[in-house]
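Per my numbering: the sequence shown = residues 2 to 215. For glycine and all other residues, C-beta sits at the position ideal for the given N, C-alpha and C. Fair warning: this is a prediction, and the values are worked out from it, not measured in the lab.
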Amino acid sequence: DLALAAARDYPDRFAVMGRVDLNDPAARNLLPTWKQQPGMLGLRYALGRPAVRPLLLDGRLDWLWPAADAAGLPLMLFPLACDLHLIERVAERHPNLKITIDHLALGRGKDDVAFREFGLLLPLAKRPNISVKVSCLPLYTTDVYPFKWLHPYVRRIYDAFGPRRMFWGSDLSRLECSYRESVTMFTEEMPWLSATDLEWIMGRGVCEWIGWKI
């Protein structure tokens with residue numbers, strides 16, 4: 002509600018990815034004019050949640066993909082890693098539909114537990130309409146700043162998706178470090194990232210991907 006209010010009151014500074022009720026057959030009728038709302042740029046769903054995942058698995062979400070595609074709505078999705086192959090199929094069938102995978106589709110836990118299915122994400126890089134968020138990463142390790150344990154995984158994402166399809170994000174409400182540290186772990190602690198890379202990763206990439214004109 003706070004984010005929606007911010008986007009409504011300050012559309013030149015804030016934008017959001019909204020939601021429609023996926024169980025409501027009439028929801029598809031909202032999509033053609035969805036972006037006419039102040040600050041509204043697309044849709045976002047945590048597809049791994051128990052109430053939502055069955056809709057993905059049994060095909061009840063199949064209406065969403067062509068409807069979002071036709072409306073020009075980018076999607077941000079947080080599926081379980083074991084369901085990433087289903088998202089790849091969607092991307093293959095709808096090559097103009099832009100899809101961003103949130104938080105690298107990481108699981109619960111820390112370190113090896115969180116990253117045990119990380120490899121399932123990398124094959125999706127071959128779909129040019131799929132991007133990823135390298136967001137909230139410090140949450141997924143017991144390491145301390147500068148979170149060196151995470152750096153090889155960031156490099157693998159960089160090598161697979163490139164800097165224009167990997168988007169930094171803080172997910173500030175869940176962070177176990179400072180906001181500044183979540184930024185500087187990229188901008189100061191990964192010397193293999195060029196200034197141009199950082200421009201794309203730290204903001205320009207996601208803005209261009211979802212059409213956020215700021």
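The alpha helix (DSSP H) runs lying completely inside the segment 98 to 122 and spanning 4 residues or more are 112 to 115, given in chain order.
The alpha carbon of N130 has as its nearest neighbour, out of G60, L74, G110, the alpha carbon of L74. T101 is classed as buried because its beta carbon has at least 16 other beta carbons within 10 Å across all chains shown. For the pair of segments examined, the segment 62 to 79 was found to touch the segment 99 to 118: the number of CB pairs separated by less than 8 Å reaches three. Residue burial annotation: D70 is buried, with at least 16 other C-beta atoms found within 10 angstroms of its C-beta.
In the pairwise beta carbon analysis, the segment 55 to 62 is classified as not touching the segment 4 to 20: fewer than three pairs are separated by under 8 Å. Collapsing the DSSP output to three states places G60 in coil. Going by DSSP, G206 is part of the alpha helix (DSSP H) stretching over 206 to 211. Per DSSP, S183 is one residue of the alpha helix (DSSP H) stretching across 180 to 188.
The DSSP-derived three-state label of W150 is helix. Per the Cβ contact rule, the segment 109 to 122 is in contact with the segment 137 to 148 (3 or more Cβ pairs under 8 Å). Looking at the DSSP output, I131 bridges to I100. Pairing Y146 with E177 gives a Cβ-Cβ distance that is not under 7 Å. As for any beta strand (DSSP E) of minimum length 3 sitting wholly inside the segment 5 to 41, the runs are 17 to 19, ordered along the chain. Counting only residues of its own chain and dropping the five nearest sequence neighbours on each side, L123 has a CB closer than 6 Å to the CB of A161. When only Cα atoms are considered, L121 and F148 end up about 22 Å apart.
Y46 and L65 have their alpha carbons spaced roughly 11 Å apart.
Within the model, the alpha-carbon separation for D63 versus G163 is close to 29 Å. Per the DSSP secondary-structure output, M77 pairs in a beta bridge with R45, T101. DSSP links S136 through a beta bridge to G170.
C-alpha of N97 to C-alpha of E118: approximately 27 Å in a straight line. The beta carbon of V91 sits closer than 8 Å to the beta carbons of W66, L98, I100 from its chain, once the five residues preceding and following it are set aside; these are given in chain order.
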